[in-house]
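In our numbering, the protein residues as written are 32 to 215. Just so it is clear, CB atoms sit at the ideal spot from N, CA and C, and this is done for glycine as well.
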Amino acid sequence: MLNLLNTFREKVRLFQDIPLLGLRLLLVFVFIGPATMKLGHIDGTAMWFDSLGIPFPYLNAYLSAVTESAGFVLLFFGLGTRIISIPLIITLLVAFFTVHIDNGWSVIGQSSVPEIAERLNMGREILQEYGNYDWLTEKGKFVILQNGAENVVTYMVMLLTLIVYGPGRLSFDYLIEMKFGKKD
């Protein structure tokens, strides 16, 4: 039985880099949208940051835009993965404390919560009476965006995983380490 477990563990180790690549690529898609939006609308981003009480809103708008832009590029290539993950986590911590923390856990409001259910029902009634409800809900349900911490915390855990385990062998970091790293 122990031999079977050891054999299984050795076989699984052959594929350990695929989930790390998957984490990196998922995070690329997480950061590419906000990064390009911030870069393309830096004035709006700075005004939004100011409304959130973030100090030096223009400086922080540029810092977050550059961090997220560098982040998605470097994560895509697996280059400087551990290093870029740190400022990305800091950016997410700012988002957590300024936007998400007061909104609970869930991104989408749970209809089992009476307050959410009431808003959902009222929204549906308004849409059915004054809007094209069938067209609006053809591709998905009408929901209440709660904007909770769920995604932000998930992304931070993903980045922490990359800090601890690195980007894997399917990365430029690995190639650089093989070429210039210590030889035992």
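If I follow the unbroken alpha helix (DSSP H) through residue 223, where does it start and stop? The structure shown does not extend to residue 223, since the chain is modelled only from 32 through 215, so no value can be given for it.
Around the C-beta of residue 204, are 16 or more other C-beta atoms found within 10 angstroms, so that it is buried, or is it exposed? buried
Whole angstroms is fine: what's the gap from residue 73's alpha carbon to residue 138's? 25 Å
Can you check DSSP and say which residues form a bridge with residue 176? 139
Do residue 58 and residue 201 have their beta-carbon atoms positioned less than 8 Å apart in this structure? no
Going straight from the alpha carbon of residue 60 to that of residue 103, what length do you get? 8 Å
Quick one, which of 118, 78, 142 has its alpha-carbon nearest residue 176's? 142
Kindly give me the distance between the Cβ atoms of residue 115 and residue 106, rounded to whole angstroms, as I take these residues to be in contact under 8 Å. 7 Å
If you measure between the beta carbons of residue 112 and residue 198, is that distance less than 8 Å? yes
For residue 196, collect the residues of the same chain with a Cβ closer than 7 Å to its Cβ; drop the 5 residues on either side in sequence, then sort them by chain order. 51
Using CA atoms only, rank isn't needed, just tell me which of 88, 146, 70 is closest to residue 77. 88
To the nearest angstrom, how far is the alpha carbon of residue 152 from that of residue 131? 24 Å
Inter-residue Cα distance where the pair is residue 101 and residue 171: 33 Å
Three-state secondary structure assigned by DSSP to residue 169: coil
For residue 180, I'd like the list of residues in its chain whose CB is within less than 8 Å of its CB, leaving aside the five on either flank, ordered along the chain. 127, 131, 132, 134, 135, 136
Identity of the residue in 150, 86, 166, 157 nearest residue 129 by Cα: 86
Bounding residues of the alpha helix (DSSP H) (the contiguous stretch that carries residue 55): 48-71
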